[in-house]
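Engineer: Quick one: the structure is below, questions incoming.
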Amino acid sequence: MGLDERAQAQFDTFNAVYFNGELPDVDVRFVHDLRLDGPRRCRLLGATSKVGGQFFIELRRDHMWRLTLMHEAVHVRLWPRSHKSKQWKQEVQRLAVAGFLLEVF
Ligand SMILES: [Zn+2]
């Protein structure tokens with residue numbers, strides 16, 4: 168299984184385990200340089216975009232990519248809300264209680 172396939176499979180697992188399978192289909196891929204700049208580029212070396220109803224997640228090749236992928240999954244869930252929204256804080260707290268960090272620490 169290639170890296171992109173691993174990331175795609177990990178997203179599907181996160182969706183099933185932590186989002187009740189309710190996230191839409193997302194195209195996940197590793198990139199050398201993130202396409203997005205400015206406020207939509209995340210501090211965790213990833214980026215989420217939505218083009219014509221299709222979500223895309225780009226990840227840098229980094230040993231913490233699973234953590235970044237979950238961060239981007241929250242963007243998909245709360246799209247287009249920002250990191251500073253009340254819903255963002257609530258969602259991060261929900262994932263922490265659900266034990267997500269046990270997967271990446
Ligand atoms: Zn972000």
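Residue 168 is where the sequence shown starts when you use my numbering, and the numbers rise one by one after that. The beta carbon of each residue, even a glycine, is placed where N, CA and C say it ideally should be.
(1) At 4 residues or longer, and completely inside the region 209 to 243: list those alpha helix (DSSP H) runs for me, N to C.
(2) Kindly indicate which residue of V193, G169, M168, R173 has the alpha-carbon position closest to the one of V241.
(3) What does F197 pair with, by DSSP beta-bridge criteria?
(4) Given a cut-off of 7 Å on the beta-carbon distance, is the pair L236 and Q177 in contact?
(5) Taking three-plus beta-carbon pairs below 8 Å as touching, is the region 209 to 226 in contact with the region 186 to 201?
(6) Evaluate T180 with the Cβ neighbour count: other Cβ atoms within 10 Å of its Cβ, from every protein chain shown; 16 or more gives buried, anything less gives exposed.
(7) Taking just the CA atoms, how far does R228 sit from L327?
(8) Could you tell me the alpha carbon to alpha carbon distance between N187 and D200, rounded to whole angstroms?
Structural biologist: According to the data block:
(1) none
(2) Locating residue 241 in the sequence shown gives position 74, counting from the first residue. The shortest C-alpha separation from V241 is found at V193.
(3) As a first step, residue 197 is located in the sequence shown; it is residue number 30 there, counting from the start. Bridge partners of F197: L226.
(4) Looking up residue 236 in the sequence shown gives position 69. Looking up residue 177 in the sequence shown gives position 10. Yes.
(5) yes
(6) In the sequence shown, counting from the first residue as 1, residue 180 sits at position 13. Per the 10 Å Cβ criterion, exposed.
(7) Lying before the first or after the last residue shown, residue 327 is absent from the chain, which here runs from 168 to 272.
(8) As a first step, residue 187 is located in the sequence shown; it is residue number 20 there, counting from the start. As a first step, residue 200 is located in the sequence shown; it is residue number 33 there, counting from the start. Looking at the two C-alpha atoms, the distance is approximately 31 Å.
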